[in-house]
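Visitor:
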Amino acid sequence: MISVDAVSVEFNGSALFSNITFNINENDRIALMGKNGAGKSTLLKIIAGVNKPTRGKVSAPKDAIIAYLPQHLLTEDNCTVFEEASKAFSRILNMKNEMDELNRQLETRTDYESDEYSKIIEQVSELSEKYYSIEEINFDAEVEKTLMGLGFVRSDFTRPTNEFSGGWRMRIELAKILLQKPDLILLDEPTNHMDIESIQWLEDFLINNAKAVIVISHDKTFVDNLTNRTIEVTMGRIYDYKTNYTHYLQLRKERREQQQKQFDDQQKQIADIQEFIERFKGTYSKTLQVQSRVKMLEKIEIIQVDEVDTSALNLKFPPAPRSGSYPVIIEGFTKRYGDHTVLQDVSLTIARGEKIAFVGKNGEGKSTLVKAIMSELEFDGKVQIGHNSMIGYFAQNQASLLDEELTVFQTIDQIAEGEIRTKIKDILGAFMFSGDTIDKKVRYLSGGEKTRLAMIKLLLQPVNLLILDEPTNHLDIKTKDILKDALKAFDGTLILVSHDRDFLDGLANKVFEFGNKRIREHFEDIAGFLRNKKMENLREIERTK
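Numbering (this note's numbering), first residue to last: 1 to 545.
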């Protein structure tokens, strides 16, 4: 059992949450819920041991393995996929190497009666007990099985990790976690970059093989299928429900209705007491009763009604300066990573004012083509950016590129110019950053807050070609809708990489489908594209081979 005991976190004197206490037991499948910025990711990092709480502690058995998958990854690029995944067993291999080294020392030393010699014997004995209690594992077979379950093919195993998109790199990290067979798995938005087959495989693995899991996710179906307990973080405290997400929503609604009724009854009682005090405060015969009611009023603890997230994001892109007729022209584009060809001999043209969706399986070249347009990688062929094209680019990892040591205010103040500098607080307020939040360091922001902050940076200069690579990752449903409305009203050219059908529906008026090293152009919106493909959603495109 792992216990979270009286954990509190404070920033600049104000509490994110206070005295949070709960236990995590084997077979718990916990959904950690709450609005963006409530502290979900912070709590997960504290349980993982990445961050320290202001007060309180997390206790776990000495040999417990807690594995953590963060929202934003910083994977090393100096090895192959198979080598990176095999690092999951480094703890066991290190244990064996240490044991071998200690045994070598015992063979060469002659100070048999010394304390040091006795200490080495104790260390070898302790390590041997641990090492030989681990069931015999065929490491290579386990790595292969896990990588293939997560959607890799054998030819991927020897490719360097830097050839893979952010989504595939997340799967490599996830493979390392699953291979460790941890006592507790902590997952922060694990399905953002995954196709349907991999999500189903992960779901099945966690249900049937994991000991305990805590997950933060905006994927309602995934959360519902996986979890048997829901912990809500709200207004600095938690509510613990022994049920899945859908049932929790109903129980939360009932809880808030009950709180509201108790609050209303209490307010009526306070009003009655205050009326009595005002009416009789100068009456000699009622002096004791008045004093009694004043004391009663002082002792009343006001009932709190848990917040409903009514904050609104006011998002509007500046008018787009007029560009040339064709902001992007691509001819004979080919991109290879060693022997692996991602795209071959691709030619396409994007006209001014078009709103384009890039769709297809992970790894088929969507982000690669975007990076080529942004001149971030070498390729064969020609990519021409049209006359007066002013590009605004939001990368998959945009939020992780923010300077974590700056505050929210400093992040925007650093790039704001001219008159806009006097309106920074108003702009931040429109993006739901207000009060103490604007003085919070970026390192303490949630994934959704970081994404919103990165989006503000994009808004501060006029652009006429917006390129957004998975912009809705880490955004809640409400914020996605507001971003979608702003993009509908944007009067420039838009390129959107996304697997979110609801987000693209009614937004993109043309679809570029990536697959088999080619790009097919579809002159229809996403609904028409899926209808003609006889598919329900974009996940099915990712599933087709």
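All C-beta atoms in this analysis are idealised placements derived from N, C-alpha and C, irrespective of residue type, glycine included.
Keeping to the same chain, check which residues put their C-beta closer than 8 Å to that of Ser323; ignore five residues upstream and five downstream.
Guide: Arg352, Gly386, His387, Asn388, Ser389, Met390, Asn464, Leu465, Gly492, Thr493, listed in sequence order.
Visitor: Can you list the beta strand (DSSP E) stretches of 3 or more residues lying completely in the stretch 128-188, in chain order?
Guide: Complete beta strand (DSSP E) runs here, min 3: 184-188.
Visitor: To the nearest angstrom, report how far apart Tyr117 and Val124 are at their CA atoms.
Guide: Tyr117 and Val124: Cα-Cα distance of roughly 11 Å.
Visitor: Once DSSP output is grouped into helix, strand and coil, what is the label at Thr310?
Guide: Bear in mind that the predicted position of Thr310 carries a pLDDT of just 47, short of 50, making it unreliable; the figure below should be weighed with that in mind. Coil at Thr310, not helix or strand.
Visitor: Alpha carbons only, please: which of Leu93, Pro462, Lys440, Leu44 is nearest the one belonging to Ser568?
Guide: Residue 568 falls outside the range modelled here, since the chain spans only 1 to 545, and no answer is possible.
Visitor: Can you tell me whether DSSP reads His522 as helix, strand or coil?
Guide: In this structure, His522 counts as strand in the three-state DSSP scheme.
Visitor: From the DSSP secondary-structure annotation, give me the bridge partner or partners of Ala67.
Guide: Note: Ala67 sits in a beta bridge opposite Ile185.
Visitor: Taking only runs of the beta strand (DSSP E) that begin and end inside the stretch 385-418, which ones reach a length of at least 3 residues, in chain order?
Guide: Taking only runs of at least 3 residues, the beta strand (DSSP E) segments lying wholly in the stretch 385-418 are 391-394.
Visitor: Specify the secondary structure class of Arg109 as computed by DSSP and reduced to three states.
Guide: Three-state DSSP puts Arg109 in coil, outside helix and strand.
Visitor: Kindly give me the distance between the Cβ atoms of Leu504 and Ala357, rounded to whole angstroms, as I take these residues to be in contact under 8 Å.
Guide: Yes, Leu504 and Ala357 are in contact; Cβ-Cβ is about 5 Å, under 8 Å.
Visitor: Note down the Cα distance separating Ser3 from Val442, rounded to an integer number of angstroms.
Guide: Distance between the alpha carbons of Ser3 and Val442 is about 28 Å.
Visitor: In the structure shown, what three-state DSSP assignment does Tyr326 receive?
Guide: Correct three-state label for Tyr326: coil.
Visitor: Does the structure place the stretch 403-413 close enough to the stretch 438-454 that three or more beta carbon pairs sit under 8 Å?
Guide: The stretch 438-454, when compared against the stretch 403-413, does touch it at the 8 Å Cβ threshold.
Visitor: Name the one or two DSSP bridge partners that Met33 has.
Guide: DSSP lists Glu232 as partners of Met33.
Visitor: Under 7 Å, do Ile214 and Leu32 count as touching if we go by C-beta distance?
Guide: Cβ atoms of Ile214 and Leu32: closer than 7 Å.
Visitor: Along the beta strand (DSSP E) that carries Ser3, what are the first and last residues, could you check?
Guide: From DSSP, the beta strand (DSSP E) with Ser3 extends over 2-11.
Visitor: How long is the line joining the alpha carbons of Asn78 and Thr341, rounded to whole angstroms?
Guide: Their backbone Cα atoms lie some 20 Å apart in a straight line.
Visitor: Using 10 angstroms around the beta-carbon of Ala527, count the other beta-carbons present and answer buried if the total reaches 16, otherwise exposed.
Guide: It counts as exposed.
Visitor: Three or more beta-carbon pairs under 8 Å between the stretch 160-169 and the stretch 105-122, yes or no?
Guide: Contact between the stretch 160-169 and the stretch 105-122 is absent, because fewer than three Cβ pairs lie under 8 Å.
Visitor: Alpha carbon to alpha carbon, what distance is there between Gln384 and Phe512?
Guide: Going by the C-alpha atoms only, they are around 18 Å apart.
Visitor: Under 7 Å between the Cβ atoms of Asn225 and Glu189?
Guide: No; because the gap between Cβ atoms is not below 7 Å, this pair is not in contact.
Visitor: Suppose contacts are defined by Cβ-Cβ distances below 7 Å. Is Ala67 in contact with Ile185 by that definition?
Guide: Against a cut-off of 7 Å, the Cβ pair of Ile185 and Ala67 comes out as a contact.
Visitor: I need the straight-line Cα distance from Thr310 to Ala88, nearest angstrom please.
Guide: Per-residue confidence for Thr310 stands at a pLDDT of 47, beneath the threshold of 50, marking its modelled position as unreliable; no derived number is given.
Visitor: Closest by CA to Gly39, which one among Glu232, Thr479, Asp265?
Guide: Of the listed residues, the one whose Cα sits closest to Gly39 is Glu232.
Visitor: Can you check which of these residues, Leu178, Lys316, Ser155, Arg159, is closest to Glu142 by C-alpha distance?
Guide: Of the listed residues, the one whose Cα sits closest to Glu142 is Leu178.
Visitor: Quick check: the stretch 291-308 against the stretch 256-275, are there 3 or more CB pairs under 8 Å?
Guide: Yes, since at least three Cβ pairs between the stretch 291-308 and the stretch 256-275 fall closer than 8 Å, the two stretches touch.
Visitor: According to DSSP, His340 sits in a beta bridge with which residue or residues?
Guide: For His340, which the question treats as bridged, DSSP gives the partners Tyr337.
Visitor: By the DSSP assignment, the beta strand (DSSP E) with Arg55 in it spans what residues?
Guide: Run containing Arg55: 55-59, per the beta strand (DSSP E) assignment.
Visitor: If I follow the unbroken beta strand (DSSP E) through Glu376, where does it start and stop?
Guide: First-last for Glu376: undefined, no H or E at that position.
Visitor: Beta-carbon within less than 8 Å of Met296's beta-carbon, same chain only, minus the 5 sequence neighbours each way: which residues are those?
Guide: Ile273, listed in sequence order.
Visitor: Quick one: what does DSSP say Ile238 is sitting in, helix, strand or coil?
Guide: Strand, per DSSP.
Visitor: Taking Glu83 as part of the beta strand (DSSP E), name the residues at either end of that continuous run.
Guide: Glu83 -> not in any beta strand (DSSP E); alpha helix (DSSP H) instead, spanning 81-86.
Visitor: Give a yes or no on whether the C-beta atoms belonging to Ile519 and Val346 are separated by under 7 Å.
Guide: Against a cut-off of 7 Å, the Cβ pair of Val346 and Ile519 comes out as a contact.
Visitor: In chain order, what residues of the same chain lie with their CB nearer than 7 Å to the CB of Thr191, ignoring the 5 residues before and after it?
Guide: Closer than 7 Å at the Cβ level, and outside the excluded window around Thr191, lie Ile199, Ser217, Asp219, Phe222.
Visitor: Judging by CA-CA distance, which residue of Pro318, Ala64, His499 is the nearest neighbour of Lys366?
Guide: That would be His499, whose Cα lies nearest to the Cα of Lys366.
Visitor: Which of the three DSSP states, helix, strand or coil, is assigned to Lys382?
Guide: DSSP places Lys382 in strand when its eight states are reduced to three.
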